[in-house]
Amino acid sequence: MMPLFAVLFLLVFILIFGTVLLLVTPLLAKVGLGQKPKASAVKSETYECGLPEQVTGNSKISVKFYLTAILFILFDIEIIFMYPWATAFVDFVKDGHGLYILGTMGFFLLIFIYGLFWEIKSKALEWE
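All residue numbers for the sequence shown refer to our numbering, where the first residue is 146 and numbers rise by one.
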């Protein structure tokens, strides 16, 4: 019963807090607390280092940037899944399920190791 009460309390708190924020924000903006100082012409430019802008409207970004980002996210999520497994593995060993859990994580790792070798073979990580 206690976890259900905690979830309901959190839900009600979030609804009330969100409603208060939505109602108070316009009032603070009218008072002037939410006004930003006026930016100079230099600050409102897109590039501030002093060099003239050289980007045209049709500039293209290499797909390798996107591929690298997706691969990073994929392997980062793998690590995120491995951390709770590693912390709970001792409990599974104590319960007698250690070999099964080790096998499932081994299968999970084999899939990602295969993916890593595929990336290396397809030269997805090489920049020319």
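For glycine and all other residues, C-beta sits at the position ideal for the given N, C-alpha and C. The structure displayed is predicted, hence computed values, not measured ones.
- In the DSSP assignment, Lys-239 falls within the alpha helix (DSSP H) that extends over 208 to 240.
- Taking 8 Å as the cut-off, the Cβ atoms of Gly-243 and Phe-252 do not count as close.
- CA-to-CA, the gap between Ile-159 and Val-165 works out to about 10 Å.
- The criterion of a C-beta distance shorter than 8 Å is not satisfied by Phe-262 and Glu-223.
- Trp-263: member of the alpha helix (DSSP H) spanning 243 to 266, first to last residue.
- When Leu-212, Leu-168, Gly-248 are compared, the shortest CA-CA separation from Glu-264 is found for Leu-212.
- Val-208 and Leu-155 have their C-alpha atoms spaced approximately 43 Å apart.
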